[in-house]
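> Mind the numbering: the sequence shown is residues 315 to 539 in the working numbering, read in order. Every residue, glycine too, gets a C-beta built ideally from N, C-alpha and C.
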Amino acid sequence: MDQNQLKKLVGEKSVEWIEDGMIVGLGTGSTVKFMVDALGKRVQEEGLNIIGVTTSNRTAEQARSLNIPLKSVDEVDHIDLTIDGADEISADFQGIKGGGAALLFEKIVATNSKQVMWIVDESKLSQQLGSFPLPVEVIPYGSQKVFERFEAKGLNPTFRKNADGSMLRTDSQNYIIDLHLKEIADPHTLADYLIKQVGVVEHGLFLDMVNTVIVGRQDGPEVLE
Ligand code: 5RP
């Protein structure tokens, strides 16, 4: 199976955890896209009654096209389960997210969820975080100053751009600075530093947040809890 097939495998497997009546956080990305398709099928074919809370405009558009009922995070009093992808997961279940620039809403939805599940193909697993560039969402005003601070600290920042060279904007119209770190020895210390920087809205370190990971392997999905 290629990477896309592994993503499909875990996306389809993950909807087995969704039960009638649940409020479900719907992540963002190419793996989640398969999960939302499979969820839409259950809604349509089984009459599964759920409410989705989306983490990006992209996912909201897909969910609406499949007639999945949606509410915003502020309209629900809890979220039972959030299913999302990840860019890198360490051996101790810490994660980097935000490759799809949706980290802010993803973290808001995840931190308001009773259970969080990540669905990944096996290429996303690593011993130590850092091989995937760490996204940091910053407000545009003063972002050059934040960038320079990161540069002075040796964090190897780059602004994320669109294919045409323009600055990428998140759903909240912010910028993303990617930190090319190679290794993150102490994710908690780095997370504390990043969130204290004025102008930083959120970062892509998702620490102590996940309950279940479904990994797409050649011989089938592996559930890690
Ligand atoms: C988006 C994310 C995604 O979950 C992450 O980038 C994984 O994406 P994909 O499933 O396409 O590999 O964090 O902000």
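Given a cut-off of 7 Å, decide if V460 and G412 are closer than it, judged by their beta-carbon atoms.
no
> Using CA atoms only, rank isn't needed, just tell me which of D394, S427, D435 is closest to I528.
The candidate whose alpha carbon is nearest that of I528 is D435.
> Express the C-alpha separation of L362 and E539 in angstroms, rounding to a whole number.
25 Å
> Taking the CB atoms as reference points, tell me whether D401 and I410 lie closer together than 7 Å.
yes
> Going by DSSP, what residue range makes up the beta strand (DSSP E) through Q429?
Unbroken beta strand (DSSP E) run through Q429: 427-435.
> Nearest CA to the CA of F419: which residue from V524, K321, V515, N318?
V515
> Please name the residue or residues paired with D398 in a DSSP beta bridge.
W432
> Quick check: the segment 351-360 against the segment 418-433, are there 3 or more CB pairs under 8 Å?
no
> Considering only the alpha carbon of each residue, which of R531, V423, L417, T373 lies closest to E389?
V423
> Please list, in chain order, all residues with a C-beta atom less than 5 Å from at least one heavy atom of the ligand 5RP.
T342, G343, S344, T345, G399, D401, K411, G412, G413, G414, A416
> Alpha carbon to alpha carbon, how far is Q511 from V367? Give it in angstroms, no decimals.
29 Å
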